[in-house]
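Everything on this sheet refers to the single structure shown next.
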Amino acid sequence: MPTHFYDRLSNDLTNLFESGVNCDVLIEVGEETLLSEIYKVHSIILQSRSSYFKKKFDEITKNNDHVETLKLPNISVKVFDVILKYIYGGKISLEKLENSVIFDLLIASNELELDELVGYLQTHLVNNCASWLRIKFAQTYRISYQIKNLKIIRDFCNDIIAKYPNTIFESEHFHSLPEDALISILKRDDLQLEESKIWEFIIQWGKAKNPNLPNSLDKWTNDNFLSLKEILKKCLPHIRFFSFSNEDVVEKIYPYQQLLEHRLFSDITIKSITPTKPISSIVLPPRKILNTALPTRIIPIPFSSNIITDEHALEISSWIDKKEIPYIENNPYEFKLLVRGSRDGFHVKTIYNICNKVSNTVIVLTVEGTGEILGGFNPLEWANNVNRLKQTQGSFVFSLKTANLKNSILSRVVKKFDCAIINYPKHSWLCFGDALGLRHNLKTGKQCHCMKSSAYPKPIRSDEFISPSKFYQEISHEFLFSVEEYEVFKILPRNDLK
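According to UniProt numbering, the residues represented by the sequence shown are 1 to 498, in order.
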């Protein structure tokens with residue numbers, strides 16, 4: 001039995017790459033000049049490890065110094081660093097990489113035809129980053145069908161769809177779903193959706209492919225039905241027509257009978273009237289619908305808000321617990337409503353009076369005129385009888401994602417902890433350092449602000465709304481805002497999840 005010295009081999013090849021000795025290829029990675037980097041590599045090693053590089057190096061010509069240059073603008077420097085360590089040393093470390101970078105690494109590995117790495121990264125994402133994949137479900141699912149090698153990711157997504165079909169059928173991306181992706185879903189015996197509902201969704205999908213079809217079915221011509229039939233011809237064989245109730249046959253299949261072959265529609269009709277009579281059409285087995293109700297993907301948290309959603313609350317809870325991967329279900333906290341502006345009043349003193357001696361509170365508000373949702377978390381008690389700067393390392397401010405903000409922004413206190421919270425009830429000020437300040441009447445005063453803050457260094461609003469002034473008295477009127485609505489919640493551990 002041979003003895004293997006892989007560690008020494010790996011280290012020697014890694015040292016060869018780092019030394020740059022006898023390199024004969026330059027690879028420029030990254031699109032933007034400031035974020036790009038040029039790597040000196042050995043063509044013989046890259047060609048032996050990747051068929052992609054073998055083909056590329058055969059296509060490009062050498063310069064006067066006998067050096068080839070290859071550009072890879074679609075791959076980031078961070079990702080290519082990992083790839084080169086794998087190519088030379090056969091080693092990969094994912095512990096310190098963000099999930100988004102690991103996913104980009106997967107896409108790049110597939111592009112470079114590193115099949116071993118593609119398989120490993122898919123398995124890693126499914127086994128260790130499932131929550132992140134669910135959060136990025138629409139993007140993940142779309143890419144898994146655009147890139148045929150991502151079967152492990154694709155199967156993972158299909159398993160989710162089978163259990164929670166509305167994830168895709170009721171999503172805004174459903175009508176643009178590729179045909180092969182839709183068919184793979186329709187083939188599932190465990191798709192947890194009534195057949196009549198599946199039929200309705202399939203009709204919707206087909207109509208979206210031909211927007212010229214009349215809105216009213218009464219105005220459809222034979223050519224209209226033939227057009228839709230052609231669009232759906234690969235989907236129709238996977239519909240379990242003999243699982244429809246008699247009522248659904250009449251209400252949902254009958255209006256579209258021209259989409260079906262005459263023999264099939266005749267057999268559906270016969271089976272509805274005389275279930276025991278033999279028919280010639282293929283009868284697909286009914287789907288295996290679970291008798292017990294499936295748990296919802298997100299168990300609603302016991303709170304009522306006019307501002308934030310369940311998803312927002314899960315995200316805030318993740319920040320409180322400093323989770324790298326956000327919660328997507330089973331929120332560990334109850335958001336108990338204490339104050340609401342439209343119900344209790346908009347003056348800052350109202351917040352102090354109701355929240356006096358209450359700790360672990362979240363304030364959320366909507367900015368008048370922009371629809372932004374801003375807020376902050378204070379782990380300490382508010383006090384309504386004394387002006388005081390309060391020290392904490394656990395507070396943070398944020399801006400939550402909305403239709404106009406793709407991703408939420410989190411800014412934790414990182415310095416000046418002794419003035420992280422400005423508890424000034426006598427001046428009607430309530431502030432998170434300089435990052436978010438609430439003053440006097442939040443609705444009518446237009447005295448709230450966001451300033452540049454060294455304590456909370458990441459701005460939660462775009463630069464046009466962040467005041468560069470160091471003192472409130474010097475803030476220009478254009479940087480001040482009023483609040484359309486605000487709410488304060490007490491954050492409590494949920495006992496029902498224990």
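Glycine is no exception: its CB is placed at the ideal position from the N, C-alpha and C atoms.
query                                                                                                         : result
For I283, the nearest candidate out of P275, K415 and E251 (CA to CA)                                         : At residue 283 the sequence reads Val, which differs from the Ile that was named. Of P275, K415 and E251, the residue nearest in Cα terms is P275.
Reduced DSSP secondary structure (H/G/I, E/B, other) of T3                                                    : coil
Rounded C-alpha distance that separates I301 from Y333                                                        : In this prediction, I301 scores a pLDDT of 44, lower than 50, which makes its location untrustworthy; the coordinate-derived value is nonetheless stated afterwards. Near 8 Å, if we compare the C-alpha coordinates of Y333 and I301.
Coarse secondary structure for E59, derived from DSSP in three states                                         : helix
Whole-number beta carbon distance between C448 and F481, since they are thought to touch under 8 Å            : 5 Å
Option in L430, I83, N384 and S453 with minimal Cα separation from S411                                       : S453
Other residues of its chain near A383: CB distance less than 8 Å, five sequence neighbours each side excluded : Y352, N356, K357, N423 and P425
Cutoff 7 Å; reference T167; Cβ partners in own chain excluding five residues on either side                   : F137, I160 and I161
Among Y327, F265, G376 and L338, the one whose alpha carbon lies nearest that of S131                         : Y327
Host beta strand (DSSP E) of W429 (start-end)                                                                 : W429 to F432
C-alpha distance - F465 paired with H42, whole-angstrom precision                                             : 50 Å
Cα-Cα separation, F262 to L226                                                                                : Note that residue 262 corresponds to His in the displayed sequence, not to Phe. Using only the alpha carbons, I get a separation of about 13 Å.
Between the CA atoms of A181 and I239 - distance to the nearest angstrom                                      : 15 Å
Buried/exposed call for Q122, threshold 16 Cβ in 10 Å                                                         : buried
Separation of F398 from K446, as counted between CA atoms                                                     : 20 Å
Residues that W382 bridges to, as DSSP identifies them                                                        : N356
Cβ neighbours of D189 in the same chain (closer than 8 Å, five flanking residues each side left out)          : P285, R287 and K288
Sheet register partners of R412 (DSSP bridge)                                                                 : F396
L290 to R134 span [Cα, whole Å]                                                                               : 22 Å
Distance between beta carbons of E487 and L337, contact taken as under 8 Å                                    : 6 Å
Coil, strand or helix - L492 by DSSP                                                                          : strand
Closest Cα partner of F103 within the set K78, L84, N441 and P468                                             : K78
Environment of Y254 [buried if 16+ CB atoms lie within 10 Å]                                                  : exposed
Nearest-angstrom Cβ-Cβ length linking S48 and E113, presumed shorter than 8 Å                                 : Between E113 and S48 the Cβ distance is about 13 Å, and since that is not below 8 Å, they are no contact.
Y333 - partner residues in DSSP beta bridges                                                                  : P493
Helix, strand or coil at L193 [DSSP, three-state]                                                             : coil
Inter-residue spacing [alpha-carbon to alpha-carbon] between K71 and V29                                      : 6 Å
Entirely enclosed alpha helix (DSSP H) segments - the region 8-57, minimum 4 residues                         : 43-49
Limits of the beta strand (DSSP E) - the one that K271 falls within                                           : Not the beta strand (DSSP E): K271 falls in the alpha helix (DSSP H), residues H262 to I273.
8 Å Cβ shell around L442 - same chain, five flanking residues per side excluded                               : G341, F346, H347, V348, L365, C448, S482, V483 and Y486
Three-state secondary structure assigned by DSSP to P281                                                      : For the sequence presented, residue 281 should be read as Ser rather than Pro. In the structure shown, S281 sits in coil (DSSP, three-state: anything other than H, G, I, E or B).
Cβ-based burial, F5 [other Cβ within 10 Å; buried from 16]                                                    : exposed
Cβ contact (3+ pairs, closer than 8 Å) linking the region 414-423 and the region 387-402                      : yes
Beta-carbon spacing of G228, L213 below 8 Å                                                                   : Strictly speaking, residue 228 in this sequence is Leu, with Gly absent from that position. In contact: L228 and L213 (Cβ atoms closer than 8 Å).
Pick from S395, L186 and F57 that is closest to V67, judged by C-alpha positions                              : F57
G341 - containing alpha helix (DSSP H), residue span                                                          : G341 to D344
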